[in-house]
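Enquirer: So that we are looking at the same thing, I have put the structure below in C-alpha cells.
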Amino acid sequence: MAVSFDAFTTSRDTLEERIKICSLLADLDPENGSAYAEELKNITTQLTIQDGLRDVDRSRVHVDTEAVTRWAERHLTEDFLRYRDLLKAHIGFGSLEEFQTAMRRLGEGDRSSVEQFLHYPEQEGDDLLIDTFEEIKREYLLNPDYGLDAYLSMRIRHGSLAGHLRGPLEERDFIVTKDDNDSNYRENTALTNRLHPPPWELPGIFNAFREFSKRYDEIIEDLTKNRLQIRRAEKPLGMFSLPLELNPLSIHYVRSHIHETTTFSEFLDLAFGGIEILLHQCLIAVRDYIVTTVKQQVESAFETLRVSLSIDTSVSTYGRLNSEIADAIPEVQAAIGRIAEWFEPVEKQQVKLRTFEDVVEIGIAVTRLAHRGFSPKIEKDIEVIGVRSAVALSEFNDIFFTILDNVHAHSGNKVSPWVKLRVWTEPFDTGKRVLRIRVESEVAEGAYSDTAADKLSRIRRQMESGEYRKHVNLEGGTGLLKLKRYTSLDELQKVTVDFIGHNVFFVELRLLFKFVRVAQTDYISHGPYEGTNS
Amino acid sequence: MKVLIVEDDEFKQRRIAQIVREAYPDIELSLERSVNSGLSAIVERRPDIILLDMSLTTFDVGPRESGGRPQNFGGLEILRHMERLQIVIPVIVITQHERFAAGRKEIHLAAVHKELEEEHGQVFKGLVYYNSAKGSWEKILRTLINKIRDKPEEANGRKNSRRRR
C-alpha cells in the first residue's frame, strides 16, 4: 500500500513534488497563475541555495593547483628535466607495468607483490624525485595565498567552524561569550530571563552555563588551533600530516607513471595525484575524529551541564532546562555531521551555471548558517551576469562570507544591520572584464572608535606592504586581510577598505575575470587567479 | 525479541540502546531517527517492541537534510500511522520533555500520558521520562519491557483497548 512516508524520503523530494504540483496547478487554474509562479520561484531559489551550499561545503578543503602549477613551473622544471635524463639513462626506477600488476594483485588479495611499494624507494635518482615531490607538497600545503593551509584558514578555521558549532546553541541562548574586559564568561541572563527560575537558583545556573560554554569553546578551539592544521613544529597535533614515509605508495604511483617523454605538466598532474592519495587518508582521519571524538567531547560537555543543573536547581527548573537541552542536542549533532562532511573526499565539481544574484544569496545563506539569528537588511544592485566556474563560486563565497562576517563582528549590530551591495563590471580586454564589488554597511552608534580606525589603518598598511601574508593563515581579527589574497596576484586588482564618517564602513574589490557568453548571458568562466594570468 | 528505537538524539539513542542490550543480551536491536524512517522500519521489520521518542523530525537529519518539518509530536504521528495501517506493536514512549509546546499552549507530560492512553491504548504501554543525570528512568524502562516480554498476548492488544473513539 502506498503511503505518504514511503513516497518521499527527503525534504528535497517534497520540494520537487511541490514544483510539479504548482506547475500543474498553474495550467489548471490560470486565474491564480501569479501565486503559483511566486511559489515556484521561491522553491526554485530554495533548491538553488541548497545546491550552492553543498558546492561551497565541498570546496572548503581546497588548493589552488593552478597557482601551485605556475609556481612549480618557475622553480622546479629544471629538476624534473634532470630527473628525466636519469630516467633515460635507465638508472633505477620501477616501471608502470610493474606497479599496475602489483596493484591488481593487491586487489586480488596478494599483498606480497606490493611489498616493494610499501617501502620508501631508495634507488639512485629517487632522491631527486622525492625532493621535487616534497617541494611541490610543501607549496601545496603551506603557501599562504593558495595552499591548503590558506583555504583551511579562510573556509574552515576562520569563523565558519565556530559559527556552525556555536550557532544552534546561540540561537537557543545556551552558550555565553566571554566578557571583553576580564575574559570571564558572562551570566546566561538571556536564558534565565526566558525561563524565570527562582532567584536563589540563578548562581548555580549561571555557573553551570559558564562551565559549559568554556568547555564547548575549548572543544572548538582545540579543533581550530590544534587539529585542523598542517602538522609542523609549531602545530604538533595538526591532523594534516602527509609524510611520504607513512605511505610510500603515493611516490611509487608518481614514479612508476613517469616515462622518458613525460612532460613537466604531466608530471605535475601525477604529483598532485600522489599528494591527493596522502590527503585522502588525512581527510578520512579528520572526518572520523569529528564524528567520534568531537561528538563524544560534546556529549560529555552536555552531560556535565545536566549533572550541574540537576544538583543546583529544583526538579521543576531542571525539567525545563533538560527539555531545552533535549531540543538543542540533535541540532548540535547535525552541525557536527555537517562539519564532518566538509572533509569528505570528493570528485572535482561539475560546472554549473548560476546567476550572480544566486551566488550572493548562497553567500548570505552560508553566513547565516555560521551566525544564526543574523539577518542583515541587504539592498542589492547587481548587474545581470552569471558564474560558470565552481572555483569562482567558492571564491565569491569566501569574499561575501568574509565581508558579512566582518559586518556581524564589528558593525555594532549583530541582528539586522543595513548593508548595500553593488556589483558591476567594466570592460577591460578581449574576453575579460573588471568585476567590481562594493559593500557599504552600517556602523552603529558607538561602534566607531579611534582604536577601530587605528586597527583599520594597520590592516591597510599590512595589505599594502605584503605583511598580510604572515597573518592570513591565523584566525581572529584577520578577516579583511584574507580578502587581499584575492587581489594579490595582479596589480590591476585591488581591495579598498575604509570608514565613511563614523556611521558607514565600506569594502570595495576590483577583480579581473574572463567571461564567456552562454544563452544571452555573460558568465565568469574562471577563478580570479586564472583570469588574470592567462 | 526485536526492539526498534526511534530517537533523533544520537546520545540518548546510544544510552537507551546500551541499557536495553545490557538487560537483554539476546535481543535484535534496530535504530531509526525520524518519523519517516521509523515508520518504514515498523512496516518492513515488524519489531516486537518500539521505544519511541515524542519529538521527531519528519526525515532523518543529515549534512544535507534539515529533517523537514520539526514535529513536537512526531511520536504521535507514528502512532497514528500505525493505527491507520492496523499495526499493533507495543510502544513505550521515552521523552526528555516535561512539557510540550502545542501552538501557544504547553502540554504537561501527565496530559500527554493521558492522551496516549486514551487515543492509543491498544499499543501504548508506558511513558518514561528520560533524565541522563539520574538512573531512575532505566529501571522504569526495564520494568515496562519485562512486562511486555512476560505477557506478550496482553502487549499485542488482545486486551480491550481503552480508546474512546
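So the protein lines, in turn, are chains W and G. In terms of my numbering, the first sequence opens at residue 1068 and continues consecutively. In terms of my numbering, the second sequence opens at residue 210 and continues consecutively. For each residue, glycine too, the CB sits at the ideal point set by N, CA and C.
Take the Cβ of residue 1293 (chain W) as the centre, count every other Cβ of all protein chains shown within 10 Å, and call the residue buried at 16 or more, exposed below.
Expert: With fewer than 16 other Cβ atoms within 10 Å, it is exposed.
Enquirer: Please tell me whether residue 301 (chain G) and residue 353 (chain G) are closer than 8 Å, where the distance is taken between their beta carbons.
Expert: Yes, Cβ-Cβ distance for residue 301 (chain G) and residue 353 (chain G) is below 8 Å.
Enquirer: Given a cut-off of 8 Å, decide if residue 1297 (chain W) and residue 1228 (chain W) are closer than it, judged by their beta-carbon atoms.
Expert: For residue 1228 (chain W) and residue 1297 (chain W), no; Cβs fall outside 8 Å.
Enquirer: Using beta carbons (cut-off 8 Å, strictly below), is residue 1396 (chain W) in contact with chain G?
Expert: It does: the Cβ of residue 1396 (chain W) has a partner Cβ on chain G nearer than 8 Å.
Enquirer: Helix, strand or coil, according to DSSP, for residue 1128 (chain W) in the structure here?
Expert: Coil.
Enquirer: List the residues of chain G whose Cβ lies closer than 9 Å to the Cβ of residue 1073 (chain W), in chain order.
Expert: Simply 245, 248, 249, 252.
Enquirer: Rounded to whole angstroms, what is the Cα-Cα separation between residue 1499 (chain W) and residue 1565 (chain W)?
Expert: Straight-line Cα distance between these residues: approximately 28 Å.
Enquirer: Could you give the distance in angstroms between the alpha-carbon of residue 1439 (chain W) and the alpha-carbon of residue 1402 (chain W)?
Expert: Approximately 12 Å, taken between the alpha carbons.
Enquirer: Does the beta carbon of residue 1428 (chain W) sit closer than 8 Å to a beta carbon anywhere in chain G?
Expert: Not one chain G Cβ lies under 8 Å of residue 1428 (chain W).
Enquirer: Pull out every residue of the stretch 332-346 of chain G whose Cβ sits closer than 9 Å to any Cβ of chain W, in chain order.
Expert: Taking 9 Å as the Cβ-Cβ cut-off against chain W, the residues of the stretch 332-346 of chain G that qualify are 338, 339, 340, 341, 342, 343.
Enquirer: Please classify residue 1558 (chain W): does DSSP put it in a helix, a strand, or coil?
Expert: Looking at residue 1558 (chain W) - three-state DSSP - the assignment turns out to be coil, as it is neither helix nor strand.
Enquirer: Report the partner residues of residue 1477 (chain W) according to the DSSP bridge assignment.
Expert: Looking at the DSSP assignment, residue 1477 (chain W) forms no beta bridge with any residue, so it has no partner.
Enquirer: Would you decide whether residue 1425 (chain W) is buried or exposed? Buried here means 16 or more other CB atoms lie within 10 Å of its CB.
Expert: Label assigned to residue 1425 (chain W): buried.
Enquirer: Helix, strand or coil: which one does DSSP assign to residue 360 (chain G)?
Expert: Correct three-state label for residue 360 (chain G): coil.
Enquirer: Using beta carbons (cut-off 8 Å, strictly below), is residue 1366 (chain W) in contact with chain G?
Expert: Judged by the 8 Å Cβ criterion, residue 1366 (chain W) is in contact with chain G.
Enquirer: Just mark residue 1244 (chain W) as buried or exposed, buried being the case when its beta carbon has 16 or more other beta carbons within 10 Å.
Expert: By the 10 Å Cβ count, residue 1244 (chain W) comes out exposed.
Enquirer: How is residue 1246 (chain W) classed by DSSP in three states: helix, strand or coil?
Expert: Reduced to three states, the DSSP call for residue 1246 (chain W) is coil.
Enquirer: Flag this pair as yes or no: are the beta carbons of residue 1428 (chain W) and residue 1116 (chain W) separated by less than 8 Å?
Expert: A contact, by the Cβ cut-off of 8 Å.
Enquirer: Got a sec? Which residues, its chain only, sit under 6 Å from residue 232 (chain G) by beta carbon, not counting five neighbours each side?
Expert: Closer than 6 Å at the Cβ level, and outside the excluded window around residue 232 (chain G), lie 351.
Enquirer: Using CA coordinates, which residue listed in W:1321, W:1327, W:1347 is at the minimum distance from residue 1335 (chain W)?
Expert: Measuring from the Cα of residue 1335 (chain W), the nearest candidate turns out to be W:1321.
Enquirer: Take residue 1519 (chain W) as the anchor and find which of W:1445, W:1125, W:1478 has the nearest alpha-carbon.
Expert: The candidate whose alpha carbon is nearest that of residue 1519 (chain W) is W:1478.
Enquirer: Take residue 1082 (chain W) and list the residues in its own chain whose beta-carbon comes closer than 7 Å to its own, dropping the five residues that flank it on each side.
Expert: 1110, 1113, 1114.
Enquirer: For my contact list, residue 1457 (chain W) and residue 1126 (chain W) are in at a C-beta cut-off of 8 Å; report their separation, rounded to the angstrom.
Expert: Confirmed, about 7 Å.
Enquirer: Note down the Cα distance separating residue 1011 (chain W) from residue 1409 (chain W), rounded to an integer number of angstroms.
Expert: Outside the shown range of chain W, which is 1068 to 1601, sits residue 1011 (chain W), and nothing can be said about it.
Enquirer: Per DSSP, residue 1490 (chain W) forms a beta bridge with which residues?
Expert: Looking at the DSSP assignment, residue 1490 (chain W) forms a beta bridge with W:1449, W:1504.
Enquirer: Which chain W residues sit within Cβ distance under 8 Å of residue 215 (chain G)?
Expert: Those do not exist, as residue 215 (chain G) stays about 12 Å from chain W at its closest Cβ, beyond 8 Å.
Enquirer: What's the C-alpha gap between residue 347 (chain G) and residue 315 (chain G)?
Expert: Taking the straight line from one Cα to the other gives about 26 Å.
Enquirer: At the 8 Å Cβ level, is residue 1390 (chain W) part of the contact set with chain G, yes or no?
Expert: By this cut-off, residue 1390 (chain W) is an interface position.
Enquirer: Which residues in the same chain have their Cβ closer than 8 Å to the Cβ of residue 1100 (chain W), if we skip the five residues on either side of it in sequence?
Expert: If we look at residue 1100 (chain W) and ignore the five residues flanking it on each side, its Cβ neighbours are 1093.
Enquirer: Could you give the distance in angstroms between the alpha-carbon of residue 1160 (chain W) and the alpha-carbon of residue 1340 (chain W)?
Expert: Annotation note: pLDDT 49 at residue 1160 (chain W) (below 50); position unreliable, no value reported.
Enquirer: Along the stretch 294-309 of chain G, what residues have a CB closer than 9 Å to any CB found in chain W?
Expert: Taking 9 Å as the Cβ-Cβ cut-off against chain W, the residues of the stretch 294-309 of chain G that qualify are 294, 304, 305, 306, 307, 308, 309.
Enquirer: Using the C-alpha atoms, what's the distance from residue 237 (chain G) back to residue 256 (chain G)?
Expert: Going by the C-alpha atoms only, they are around 9 Å apart.
Enquirer: With 16 other CB atoms within 10 Å as the buried threshold, where does residue 1480 (chain W) fall?
Expert: Buried, by the Cβ-count rule.
Enquirer: Grab me the residues of residue 1067 (chain W)'s own chain with a C-beta within less than 8 Å of its C-beta, minus the 5 sequence neighbours each way, in chain order.
Expert: Residue 1067 (chain W) is absent from the structure shown; chain W starts at 1068 and stops at 1601.
Enquirer: Would you list, in chain order, the members of the stretch 264-277 of chain G that have their beta-carbon closer than 8 Å to a beta-carbon of chain W?
Expert: Flagged, chain order: 264, 266, 267, 268, 270, 271, 272, 273, 274, 275, 276, 277.
Enquirer: Would you mind working out which of W:1521, W:1482, W:1135, W:1368 sits nearest residue 1509 (chain W), comparing C-alpha positions?
Expert: Per the Cα distances, W:1482.
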